[in-house]
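One line per chain: the protein sequences are A and R, in this order.
With the first sequence counted from 1, adding 6 to any position gets you the working numbering.
With the second sequence counted from 1, adding 9 to any position gets you the working numbering.
No residue lacks a Cβ here, since even glycine has one placed at the ideal position from N, Cα and C.
Here's the structure, in structure tokens; my notes come after.
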Amino acid sequence: MKSLAELQALKQKAIENVNLRKEREDGTRVVVGMATCGIAAGARPVMTAFLEEINKRNLQNVVVEQTGCIGLCRLEPIVEIYAPGQDKVTYIKMTPEKVARIVSEHIVNGQVVSEYTIGSAGM
Amino acid sequence: MQEISLNILDIVQNSVRAGATLIEVELREDTDEDILSFSVKDNGCGMDSDMVARVMDPFVTTRTTRKVGMGISLLRSAAQATGGDVELTSEVGKGTFIEARFSYSHIDRQPLGDIAGTMTALISMNPEIDFCYRHTFNKRVFELSTKEMKDILGEVPLSDPTVAAWIKDYIDEGIANIYGGAE
Ligand SMILES: Nc1ncnc2c1ncn2[C@@H]1O[C@H](COP(=O)(O)OP(=O)(O)OP(=O)(O)O)[C@@H](O)[C@H]1O
Ligand SMILES: [Mg+2]
Chain A
7 MKSLAELQAL KQKAIENVNL RKEREDGTRV VVGMATCGIA AGARPVMTAF LEEINKRNLQ
67 NVVVEQTGCI GLCRLEPIVE IYAPGQDKVT YIKMTPEKVA RIVSEHIVNG QVVSEYTIGS
127 AGM
Chain R
10 MQEISLNILD IVQNSVRAGA TLIEVELRED TDEDILSFSV KDNGCGMDSD MVARVMDPFV
70 TTRTTRKVGM GISLLRSAAQ ATGGDVELTS EVGKGTFIEA RFSYSHIDRQ PLGDIAGTMT
130 ALISMNPEID FCYRHTFNKR VFELSTKEMK DILGEVPLSD PTVAAWIKDY IDEGIANIYG
190 GAE
């Protein structure tokens, strides 16, 4: 049975990550659209998948954030990625299955997964 | 929405947008009374009585990105389809209370779905907001307060992915326990 006492132990591990993060300001931001349109289209499992993948790979310089309606409801779930030294990249019609590839190719290796981006939708 | 837990996520987003610093989510499942209900109470900016009256209307929103607000009216039709309803009270500068009731056994009631996923998303995306979650299944209760967690975690934010993963497991286990565990 899990208890809050476990959090104490977790803290020791997490605190090193916090310090690492402070040292490198060059972090990547993953922003998930979480208004009604995004939620209805499946934004929550996409967000969960990002958190899990980042945790699994123990990436220290990536944060997941939420935003409201991006104004492109029919393309939801939408995820915007702000990587250091790169323009914002907008991924559309996201699914949890697409997440692992975006994390490994884009966030870790800096290669945008073009076929999932808004550009590939002919917009 | 395919799951009631997604309606909950959506309704709590209204409280986040209203600038709340404390959000209390209560979920009640009572199979004897045949009720599934949830409420969200926040200390955000609130609404005047005029706005409250109009808010059940799908064409009311203070959004600027699009003209139609859907969250509350979607929730209302989902609740009414089961013979339930939504109640909303609010006061400007004080906050808002919204409660949705569903008939537990009604065939058109959406499944509750991944409520641990909903709460984890809310908590880790809004680490500065205090969340209280109380879930009752018949007489059994699971409760969580992020204030307690913050006290333990200190400078480690609730948005830390390792912490978020732990919170999800913690809630999943707590809920499994009220559904089936020993008294
Ligand atoms: N907890 C709250 N505190 C203050 N205002 C609220 C709250 N909940 C709803 N409102 C007001 O009611 C309006 C309608 O809410 P509703 O959820 O139906 O649509 P929306 O949030 O505007 O858009 P959508 O939910 O479709 O993304 C909101 O725009 C907001 O002005
Ligand atoms: Mg809303």
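Residue span of the beta strand (DSSP E) that contains residue i, given as start and end
| i | result |
| --- | --- |
| residue 48/R | 44-51 |
| residue 34/A | 34-39 |
| residue 100/R | 94-100 |
| residue 152/R | 149-154 |
| residue 30/R | No beta strand (DSSP E) holds residue 30/R; DSSP gives it neither H nor E. |
| residue 181/R | Counting along the chain, residue 181/R falls outside any beta strand (DSSP E), though it belongs to the alpha helix (DSSP H) covering 170-189. |
| residue 139/R | 139-146 |
| residue 72/A | 68-73 |
| residue 108/R | 104-112 |
Beta-carbon contacts of residue i that lie in its chain and below 6 Å, excluding the five residues immediately before and after
| i | result |
| --- | --- |
| residue 56/R | 99 |
| residue 54/R | 27, 28 |
| residue 128/R | 142, 180 |
For residue i: DSSP bridge partner residues
| i | result |
| --- | --- |
| residue 123/A | 97/A |
| residue 60/A | Partner(s): none; residue 60/A has no beta bridge. |
| residue 86/A | 37/A, 96/A |
Cutoff 7 Å; reference residue i; Cβ partners in own chain excluding five residues on either side
| i | result |
| --- | --- |
| residue 131/R | 18, 21, 140 |
Residue i: CB within 8 Å of a non-hydrogen atom of ligand 1
| i | result |
| --- | --- |
| residue 105/R | yes |
| residue 202/R | What is shown of chain R runs 10 to 192, which leaves residue 202/R out entirely. |
| residue 75/A | yes |
| residue 13/R | no |
| residue 80/A | no |
| residue 141/R | no |
| residue 59/R | no |
| residue 117/R | no |
| residue 135/R | no |
| residue 16/R | no |
| residue 129/R | no |
| residue 26/R | yes |
Residue range of the alpha helix (DSSP H) that includes residue i
| i | result |
| --- | --- |
| residue 21/R | 13-26 |
| residue 103/A | 102-107 |
Residue i: CB within 8 Å of a non-hydrogen atom of ligand 2
| i | result |
| --- | --- |
| residue 23/A | no |
| residue 72/A | no |
| residue 79/R | yes |
Neighbour flag for residue i against chain D, beta carbons, 9 Å
| i | result |
| --- | --- |
| residue 155/R | No chain D appears in this structure, whose protein chains are A and R. |
Exercise. If we count Cβ pairs, one from each stretch, closer than 8 Å, do we get three or more for the stretch 71-79 of chain A versus the stretch 29-46 of chain A?
Worked result: Enough Cβ pairs lie closer than 8 Å, so yes.
Exercise. Does the stretch 92-112 of chain R come within contact of the stretch 114-124 of chain A, defined as at least 3 CB pairs closer than 8 Å?
Worked result: As far as the Cβ criterion goes, the stretch 92-112 of chain R does not touch the stretch 114-124 of chain A, which means the pair count is below three.
For this session: May I ask you to verify whether the stretch 171-182 of chain R touches the stretch 100-115 of chain A, counting CB pairs closer than 8 Å and requiring at least 3?
Result: The answer is no - the stretch 100-115 of chain A does not touch the stretch 171-182 of chain R, with fewer than three Cβ pairs under 8 Å.
Exercise. How do the stretch 142-160 of chain R and the stretch 30-45 of chain R stand: do at least 3 beta-carbon pairs fall below 8 Å, yes or no?
Worked result: Flag = yes, the stretch 142-160 of chain R and the stretch 30-45 of chain R touch.
Exercise. Counting Cβ pairs, one atom from each stretch, are 3 or more of them under 8 Å apart for the stretch 101-108 of chain A and the stretch 55-64 of chain A?
Worked result: With the rule of 3 Cβ pairs closer than 8 Å, the stretch 101-108 of chain A counts as touching the stretch 55-64 of chain A.
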